[in-house]
Each structure stands twice: as C-alpha cells, then as structure tokens.
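What follows is one structure encoded as structure tokens, with my remarks underneath.
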Amino acid sequence: MKVLKFGGTSVGSAERMRAVADLVRRGGRNVVVLSAMSGTTNTLVEITDYLYKGNIPGAQETLNTLEMKYSGVISELYSTDTARARAAMLIGESIGYIRALIQGEFAVAEEREILARGELMSTAMMNEYLHECGVRSVMLPALEYMRTDSNGEPDMKYIATRLGRLMDMNQDADVYITQGYICRNAFGDIDNLKRGGSDYTASIIGAVLNAEEIQIWTDIDGMHNNDPRYVEGTRPVSRLNFEEAAELAYFGAKILHPNCVLPAKLNNIPVRLLNTMQPEATGTVIYNMPPDGSIKAVAAKDNITAVKIKSGRMLLAYGFLHKVFETFEKHRTSIDMIATSEVGVTLTIDDDSRLAAIVDDLKHFGTVTVDRDMVIICVVGDLEWHNRGFESRAVAALADIPIRMISYGGSNYNISMVVHKDNKVEALRRLSEKLFD
Ligand code: ADP
Ligand code: ASP
Ligand code: MG
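Residue 401 in the numbering used here sits at position 392 of the sequence shown, with consecutive numbering throughout.
In structure tokens form, the structure reads like this:
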C-alpha cells in the first residue's frame, strides 16, 4: 500500500480534481491525502484575521466569495444532478459551520475550527466525485485518528490504532481518502500540523502503515536544484537521501514540509516527489541512498535574525556558550546556525518573537548586536569533508556578495551562508551558475 498526497494546486479546480481522480483510480488500493483547494487556507486565515479584529462584515464578505468559488467548482465537476446536490449539501455544511462561528465568541479554538474546513471540503468533493465515477472510495476522517500529544508531536500509537481500526472496518474500499493538515490535539480539540502540514500527514500515515512508498504530488516535477521562484533554468534532482532532503526542506525548499522527512526516514520508506501536471516525469526519490560525492541543490530560508555576543570573558573560559544557549532555551527559541571565535559568538534564529527578552538577558554576558532581515543560503549535497573543492566553489560563487557568516562541517550535508535579504536572489543565481551550469 502507498500513501499519495495531493497538494492545493493539484486539487485547485474541477479540471485538476478530475486529473487527480484519474491518478487515484489507476493507483489501486492506497491512502490518498488531500490538501485544501489552493487559496482556500489563505482565505480561511483571512476570515480569522477579520474576526480577531472584530470586523464581522469583512469575514462575512470573504466567506461569501469563497462560497461562490465552491459553487462554481461543484457545477463544473459533477455530471449528475444527484452528485451535484450531495456535494452542494456537504460544502453547505462547512460554509454554514463557518458562518455560525463568525457570529459567536471568537478565540484560538474557533480559529482552528475554521482553518480545518478547507481540507474537509476538498476531501468531501473528491470522495463524492470518485463515487460518481463508480469508485468505492471510503473517507477516513482525520479528526477521528490524527492526534498530537502534549508536546505537539504526533501520537503514533494512537494514530496507528485508530487508523487501523477505521481501515479494517472498510476492507472492501477501492481507495481511502483522508484530510491532510488537520488533527486533534492532546485535549481532543481541533488543531492542525501548521501551514504546509499535509506533507507531514502523509508521512505520518506512511510510517504507521509501514507503506511501500509515500508520494507527494505537487505542481512541479520534483525537488529542483535551486528555488524555481527566483532562479531560471533549475532542474529536478533525481535522487536525494533523507538527510539532504531534510536540510533542503528546513532551509526553504517549499516543495516539502520539513517535518515530513523524519517519519519516513525512521521507517525507511521512500518518499517520491511527483508532478500532477506531468505524471510521467520521474520526479525525485528520497531514500537511504549511499553517498555519491555530489552537490544536489541550493535553498534559502528567509526572515533570519543574527545575534552576536562579544565578550572578553569568553577568552580561555569554560561555560560561556552554555550560558548563551541556556538563554535561548529559557525563551524557547531554537537556533539555526552558530559561528564562534575566542571573543564572540553569533547565532541565528528565525523566530524573533522573544528577541527583546533574549537580548536583555544576553547583555549580562557581553555586548549584543542584532542584524535583522538576513537570509540563510544553504548548499546541500554529499559534502563529506574529504571531498575536495565544494566549499571553495560555494564561497567563490558569492565572491561579490557580503557574507555575514558561514557554517560548514556541522553535518556532512550542508554549507550555510548568511547574507542580507537584498542579496538573496543574486546569491541563489550565482550559486546555480557556479555549481550546476
Ligand atoms: P503543494 O500545494 O502541492 O503542497 P507547495 O506550493 O507547498 O505545493 O510546493 C511546491 C512549490 O514549491 C513549487 O511550486 C515551487 O515554487 C516551490 N519550491 C521552492 N523551492 C523548490 C525546489 N527546490 N524544488 C521544487 N519546488 C520548489
Ligand atoms: N492547506 C494547508 C496549507 O495551505 C496545508 C497544506 O496545504 O499542506 O497550509
Ligand atoms: Mg506544500
């Protein structure tokens, strides 16, 4: 059994939904994870934004536009009036549910309930369409089995038991459909796996079912060797190992949610990145591949803040870094990159919500400087230190660009360089020219 996940653009219109249904039917008895139709989660976020600001008419108007979009898709997608009526009823339920929430008390619980409707709507429509095509598709409601524990981590035992039970009860299914992204938390309340989290859902399901493969179907033919949103002429990378994929996903390759790699890696399940618009393309396969001595790809992570602590006390002293790290831990802020010298240390963070308090505490240990609006540029591949020349080529590519810090040797898989956001696109382009052309 395989797990097939289709992202927002893959189910973004009636035409795209038909194409997905075709792929799903041909694939056999698999578990199919769907995202919300593209744009829907953003619209739902917009509605919750209005509600946080107490702008009820704004929320209502946005919901009305969303409702119209869905009625358009319904009239186009189905060919029988019966299917159209059933789909209209199911979508109407979700729209009505949001409408009721708009009128009531609003806080974080209601926000999450609203955000969950996107995946509930896309799966309801697809399930109905498959039925219309004569496919026995069975819905596995994510809110009945997908759950996180008190640390916000997936509760794998609970998920395995509940999902197994739901599948056993429906053994005659041709295919199973389920929602990506949404879950319940440790309190049993509706929650989600954060933006882009449908990839994570697919990987969690793949792990608990010990699936043969996890397929992430999207709008591009695999992981490209640079960010196609900023660089022209990028090419798909045919093979990656789990570590390389994790580095790329974490450092900005949007095609894959960073959390998606670990469950697949732990269970040694290959992850294949495929293109719904070009299903015959080979895409990228991520598996336990042996080192091959090559640079695979470049990615960039935005909104980075670099924090420097300079102190004479660091010289020949022990325990200094411990105090620095403890400060970040106290403020529950994770560190991405580190560069040290005998008289100072610079760290980068991407969540600056507690920056003021962190800086305040760090001032006990030395002089603190903050550089905002930075970007981490990450070169990923088999960069085992005995392989020669990779670092020099990466650094040479950025010869005319000011580099704030460099990190290499932390793992065998990356060289990371911090630059100002104004130099990001230029840095990505130059790296493509130097490393791949
Ligand atoms: P989905 O809605 O299917 O989850 P996403 O928008 O999350 O799709 O991810 C696909 C997008 O990721 C692509 O359209 C592409 O613009 C972007 N992307 C960023 N970096 C890369 C990369 N290195 N390789 C491929 N796609 C990338
Ligand atoms: N619909 C959610 C989002 O837009 C989850 C996903 O698409 O992966 O973030
Ligand atoms: Mg995505």
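Backbone N, C-alpha and C fix where the C-beta goes; we use that ideal spot for every residue, glycine too.
Between which residues of its own chain and residue i is the CB-CB distance below 6 Å, once the five residues before and five after are set aside?
i: alanine 290; result: Asp230, Asn284
i: valine 379; result: Val316
i: tyrosine 296; result: Pro279
i: alanine 366; result: His340
i: threonine 314; result: Ile358, Asp361, Arg381
i: leucine 99; result: Ala133
i: tyrosine 59; result: Gly67, Ala68
i: alanine 403; result: Val388, Ile424
i: methionine 298; result: Arg248, Asn250
i: valine 246; result: Met232, Asn234, Thr293, Lys305, Ala306
i: arginine 171; result: Tyr154
i: leucine 75; result: Thr52
i: tyrosine 79; result: Ile100
i: alanine 195; result: Asp158, Ser159
i: cysteine 269; result: Asp208, Tyr209, Ser212
i: threonine 49; result: Gly127
i: lysine 274; result: Phe251
Tell me which residues share the same chain as residue i and place their Cβ nearer than 8 Å to its Cβ, disregarding the 5 neighbours each side in the sequence.
i: glycine 141; result: According to the sequence shown, residue 141 is glutamate rather than glycine. Hits under 8 Å: Tyr87, Ser88, Thr89, Ala92.
i: leucine 72; result: Ile56, Ile104, Ile107, Arg108, Ile111
Quick check on this structure: which residue in the options has the alpha carbon closest to the alpha carbon of residue i?
i: cysteine 387; options: Ala262, Ile104, Ala365; result: Ala262
i: aspartate 361; options: Val354, Thr355, Ile347, Arg341; result: Arg341
i: asparagine 64; options: Arg413, Ala182, Phe115, Thr157; result: Phe115
i: alanine 118; options: Thr357, Ala68, Ala182, Arg193; result: Arg193
i: aspartate 198; options: Ile223, Arg121, Glu222, Pro267; result: Arg121
i: glutamate 241; options: Val20, Tyr154, Arg438, Phe399; result: Arg438
i: alanine 23; options: Glu137, Lys11, Tyr154, Asn432; result: Glu137
i: phenylalanine 329; options: Asn201, His233, Thr349; result: Thr349
i: serine 420; options: Thr210, Glu253, Arg238, Lys62; result: Glu253
i: methionine 130; options: Gly101, Val144, Arg156; result: Gly101
i: alanine 182; options: Arg171, Gly143, Gly215, Leu152; result: Gly143
i: glutamate 400; options: Asn268, Met426, Asn235; result: Met426
i: glycine 390; options: Arg34, Ala273, Val377, Phe445; result: Phe445
i: isoleucine 344; options: Tyr259, Ala195, Gly292; result: Tyr259
i: methionine 135; options: Arg27, Leu75, Lys62, Gly81; result: Arg27
i: aspartate 228; options: Met286, Lys274, Val246, Val29; result: Met286
i: leucine 152; options: Leu139, Asn160, Ile168, Met346; result: Ile168
i: glycine 431; options: Val384, Pro237, Gly398; result: The question names glycine, but residue 431 in the sequence shown is aspartate. With distances taken between Cα atoms, aspartate 431 lies closest to Val384.
i: proline 272; options: Ile223, Ala255, Ser212, Ala326; result: Ser212
i: threonine 52; options: Arg35, Arg34, Met77; result: Met77
i: methionine 414; options: Arg363, Thr355, Gly173, Tyr327; result: Thr355
i: serine 19; options: Met10, Arg156, Trp226, Lys62; result: Trp226
i: isoleucine 214; options: Val12, Val270, Gly418, Arg363; result: Val12
i: aspartate 236; options: Ile264, Asp370, Glu256; result: Ile264
i: glutamate 85; options: Ile223, Ser416, Arg38, Gly21; result: Gly21
Closer than 6 Å: is that where the CB of residue i sits relative to any heavy atom of the ligand NAD?
i: glycine 21; result: Judged by which ligands are present, the ligand NAD is missing from the structure shown, whose ligands are the ligand ADP, the ligand ASP and the ligand MG.
Drop a sphere of 10 angstroms on the beta-carbon of residue i, count the other beta-carbons inside from all chains shown, and report buried for 16 or more, exposed for fewer.
i: proline 352; result: Correcting the residue identity first, residue 352 is valine in this sequence and not proline. With fewer than 16 Cβ atoms within 10 Å of its Cβ, valine 352 is classed as exposed.
i: leucine 392; result: buried
i: alanine 45; result: buried
i: glutamine 180; result: exposed
i: histidine 395; result: exposed
i: glycine 205; result: buried
i: aspartate 311; result: exposed
i: tyrosine 422; result: buried
i: asparagine 201; result: buried
i: lysine 433; result: buried
i: histidine 373; result: exposed
i: histidine 266; result: buried
i: methionine 346; result: buried
i: glycine 375; result: buried
Skipping 5 residues on each side, what residues in its chain have a beta carbon closer than 7 Å to that of residue i?
i: serine 207; result: Lys14, Gly16, Val42, Ser44, Gly189, Tyr190
i: isoleucine 83; result: Arg93, Ala96, Ala97, Ile100
i: alanine 436; result: Ile386, Leu407, Ile410, Val428
i: aspartate 31; result: none
i: proline 300; result: Asp391, Glu393
Can a CB atom of chain D be found closer than 7 Å to the CB of residue i?
i: valine 54; result: This model lacks chain D altogether, as it is built from one protein chain only.
Restricting to runs no shorter than 3 residues, where is the beta strand (DSSP E) found entirely within the segment 108–149? 146–149
Which runs of the alpha helix (DSSP H) fall wholly inside the segment 227–269 and span at least 4 residues, in chain order? 251–259
At 4 residues or longer, and completely inside the segment 157–233: list those alpha helix (DSSP H) runs for me, N to C. 165–177, 207–218
Can you confirm whether the segment 119–135 touches the segment 162–169 when touching is taken to mean that 3 or more C-beta pairs between the two stretches lie within less than 8 Å? no
Which runs of the beta strand (DSSP E) at least 3 residues long sit entirely within the segment 295–338? Give them in chain order. 304–319
Run through the segment 329–404 for me and flag every whole beta strand (DSSP E) of 3 or more residues, listed as ranges in chain order. 344–349, 353–358, 376–390
Per the contact definition of three or more C-beta pairs closer than 8 Å, is the segment 174–190 in contact with the segment 146–163? yes
With a floor of 3 residues, list each beta strand (DSSP E) that falls wholly inside the segment 32–99, ordered by position along the chain. 40–43
Given 8 Å as the limit, is there contact between the segment 208–221 and the segment 234–252, that is, 3 or more CB pairs closer than that? no
Cβ contact (3+ pairs, closer than 8 Å) linking the segment 319–337 and the segment 266–282: no
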